[in-house]
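Respectively, the protein sequence lines represent chains V and X.
Counting along the first sequence from 1, when you hit position 270 you're at 327 in our numbering, and nothing is skipped either side.
Counting along the second sequence from 1, when you hit position 225 you're at 226 in our numbering, and nothing is skipped either side.
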Amino acid sequence: MSSLSASPKPVQAHWEKELVKVENVYKHFAVAKSFFQRGTLKVHAVDGVSLSIFNGETLGLVGESGCGKSTLGKLILRLEKPTSGKIFFEDQDIDQLSGSELKSIRRKMQVIFQDPYSSLNPRRTVKNIIMEPLIIHDIGNRAERNRRVYELMEEVGLRPDQATRYPHEFSGGQRQRIGIARALALNPKLIIADEPVSALDVSIRSQVLNLMKDLQEKYSLSYLFVSHDLSVVEYISDRIAVMYLGKIVEIGPKTIVYNSPKHPYTEALLSSAPVPDPASRNRRIILKGDVPSPMSPPKGCRFHTRCPIRIEICSSEEPPLKEVDNGRFVACHVRAT
Amino acid sequence: MTFKSEFVTRLSKNKMAMSGLFIVLILFSTSLFANHLAPYPPSEIDTTRILAPPSLEHPMGTDILGRDVLSRVIFGSGVSLSVGFVAVGISTLIGVVLGAISGYYSGLADRIIMRFVDVMLCFPSFFLILAVIAFVGPSIWNIMVVIGVTSWMGVTRLVRAEFLSIRERDFVQAAIAQGASDFRIIFLHILPNAMAPILVAATLGVASAVLVESGLSFLGIGVQPPDPSWGNMLTEGKDNIEIAWWLSLFPGLAILITVMGYNMLGEGIRDSFDPRLRR
C-alpha cells in the first residue's frame, strides 16, 4: 500500500523510551448501504497510520471531525481492533494479548472521554465509579480502596462529602474531574484523552487542562491528547500530529509545527485558529470545498482536492511521511522532498 | 437525591400511574385477603337460590348452582394475579438472558437468537398456547409456564436493543478499558441502565397475561371448574346471558379493571422513569 515505513524516532533525550508504537495501522468500518449491498462500502477511518508516543510526553492529535482521531485512540486502547497493522504497548503487541495479559496492559492505559455526561454510569455513586478499577484489578482491601478513593478525589479537586453522590448532581467540569480520578486510580502510564475539554465551558477548560498538566508531572503520565481545538493542543502538547482523512500529514515538536507548518493542511488549520489579538490580521488560508467522504478517499494525496499548492503528481501518487527535520515528518510532494 | 427517589417523586405526581397503582394494590389485597373478604365460600352450592339477581345478600347475584358471584370474583383475582406474575416472571427472565447475550455479544449468537425470536413470533401465540395445553393438559401451573415461554420475544428484542445502545456509551467503553469482565459490565453497567423499559414491559406484560389466562379459561382449557376464575365464570355466564346478565358483567368488569390498572401503571412508569421514553 503506502510507503509508510519510517516511524518517528525520538529526538529529545528524555523521551528515550517508546511507550506506544503504532505501525501502519488501518481501521475500516463496513457500512451497509442497503439490505442487498451489505458491507460493500467501507469507511476508511484510520488509513495507514504510524506514530509513537514516548514516556512522559503529551502527543497532541489534531484534525477536523471525522478524520479518525478518536478511532486511533480507541485502537490504542484496544476498544477497537485494527483491520491491519500492529500496535505495541511497551513492546508488547496488544492485538496478540488476551485474558490476564490484556488485563494487565489495560491497567497501564486509561481513557478520559469527551462527553462528561455519558462517560459516567448514572446509576453509580462517585465513590463506586472511582473505586471500580481498583476492584476490577483486585487492588488493596476495603479500607485501602476507600482511602485511595478519597485521596484521588482530593487530587482532582473534589470534596470528600461528594463521594456518595450520583453523577447527575455534578456540573460538566466536576464530572470530568471524576473521570480523571477514575483514570488515575490504577496509576496508569498512558492516558488517552479523547477531546477531554471540548464539552466544557471556556472558564472550566483551563482548570481541567492545568489539572491534567499537574497530574502529568506528578505521576509522570503520557497523554495522547485528541482534540480539534488548536489552542488547547498547543497549550498542553509536547509534540503535535495532524490528521487528515485517516492519515497523519504532519508530525513533530509543537513549537516547530506551530511556528513553521510545512504541510499545506497544517498551514490552513493554523491560520484558521482565532488569535486573541484584534490587531493581528493574519493571512487566513481558506480551503475550498468540503472534506471528501472517508468512504471513497481521493487517490494520491488525500488533500489534493483542496490543496492550494498541488502539483501533478499529487493526484496520482500518495506522498510518504518524510523526515524533514529532526523528529519532524511531513507527507507532501511539494514541501517535503 | 438518588435516581430511585427522583423516580418515586415523579411517579407519585403521575395521576395515571397512581390510579393504576391504586387498582393494582386493591387487587393485591383482595386476593391476599380473599378468605376474609368473601361473604361465602366460593364453591358453596345453595340450590334454593339459583340465578338470584343482585341483592343485598348477594351483591353480584348467584350463578346456576346458587354460588355467590361476588365471592367467586374475589377468589378469581388470586388466579389472575398469580398467573400474571409467574408468567411474566418467566418471560422476563428468558427475555433478559437471551436479549443480553444477543445485544452484548452480537455476532453469531445474536443472529441465532434473533432468528429464533422471528420463528417464535410467526406462530400466533394464542394458538400456540392452545396447542401446547392440549398436549400437557390444562392446569393453572401449566398455563403459567406456557404463557411465560411463549411471550418472551418482545422482551428479548427490547433488551437486545437496550444493550446494543448502552454498550456503545462511554461509561461502558471506559469499563472495558479498565479491564472489567463481561459479567461485571453486563450486570453492573448495562442492566441497571436498561431496567426502566424492562419494568414497563413487565407491567404491561402482566395485563396481557391476565387477558390470555381469561381467554384460555373461557375456552375451558384454563383453570378448571369448580375453581373460580374470571374466564371460566364468563363461560357459565354466556350460557345464561339472556336471563342472568350479572353472571357475565361482573367477571368481565373485573378483567377490564385489572387489565386497565396494569396498563395505566405501566404507561405511568414509562413516563416517569425517563421523560424521553414517552411516545
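Beta carbons are placed, not taken as given, at the ideal position from N, Cα and C, and that holds for glycine.
A Cβ-Cβ contact shorter than 8 Å links residue 287(V) with residue 327(V). Within the region 184-202 of chain X, those residues whose Cβ lies closer than 8 Å to any Cβ of chain V are, in chain order, 185, 189, 190, 193 and 194.
Scanning the region 264-334 of chain V from its first residue to its last, the whole beta strand (DSSP E) runs of 3-plus residues come out as 279-284, 296-301 and 304-310. Taking the Cα positions, residue 145(V) is about 9 Å away from residue 75(V). Of all alpha-carbon atoms in 386(V), 352(V) and 322(V), the one lying nearest the alpha-carbon of residue 367(V) is that of 322(V). With contacts defined as CB atoms closer than 8 Å, residue 123(V) and residue 290(V) fail to qualify as a contacting pair.
Contact between residue 219(X) and residue 200(X) is absent: CB atoms are separated by about 29 Å, not below the 8 Å threshold.
In this structure, residue 171(V) sits away from residue 245(V), with a CB-CB distance that is not shorter than 8 Å.
Shown here, residue 244(X) sits in coil according to DSSP, grouped into three states, outside any helix or strand. Restricting attention to alpha helix (DSSP H) runs no shorter than 4 residues, the region 102-134 of chain V encloses them at 126-133, ordered along the chain. Taking 8 Å as the threshold, the shortest C-beta distance from residue 246(V) to chain X does not fall below it. Distance check between residue 118(V) and each of 308(V), 298(V), 391(V) and 357(V) places 298(V) closest, using alpha-carbon atoms only. Put simply, the CB of residue 177(X) is near chain V, with a gap under 8 Å to one of its CB atoms. Burial check for residue 312(V): the Cβ neighbour count within 10 Å stays below 16, so the residue is exposed. In terms of beta-carbon proximity, residue 274(X) stays away from the interface with chain V, with every pair separated by 8 Å or more. For residue 170(X), the residues of chain V that pass the 7 Å Cβ criterion are 175, in the order they occur in the chain.
Relative to the Cα of residue 196(X), the nearest Cα in the group 270(X), 64(X) and 119(X) belongs to 270(X). With a threshold of 8 Å between beta carbons, residue 104(X) makes no contact with chain V. Residue 248(V) carries a strand assignment under DSSP once its states are collapsed to helix, strand and coil.
Between residue 255(V) and residue 324(V), the alpha-carbon positions lie close to 22 Å from each other. For residue 196(X), the uninterrupted alpha helix (DSSP H) run begins and ends at 192-219, by DSSP. By the neighbour-count definition (other C-beta atoms within 10 Å, threshold 16), residue 358(V) is a buried residue. Residue 170(V) reaches chain X at 171, 172, 174 and 175, counting residues in chain order whose Cβ is nearer than 9 Å.
For residue 379(V), the pairing in a beta bridge is given by DSSP as 387(V). Residue 18(X) sits in a helix when the DSSP states are folded into three classes. Between residue 172(X) and residue 177(V), the gap from beta carbon to beta carbon is short of 8 Å.
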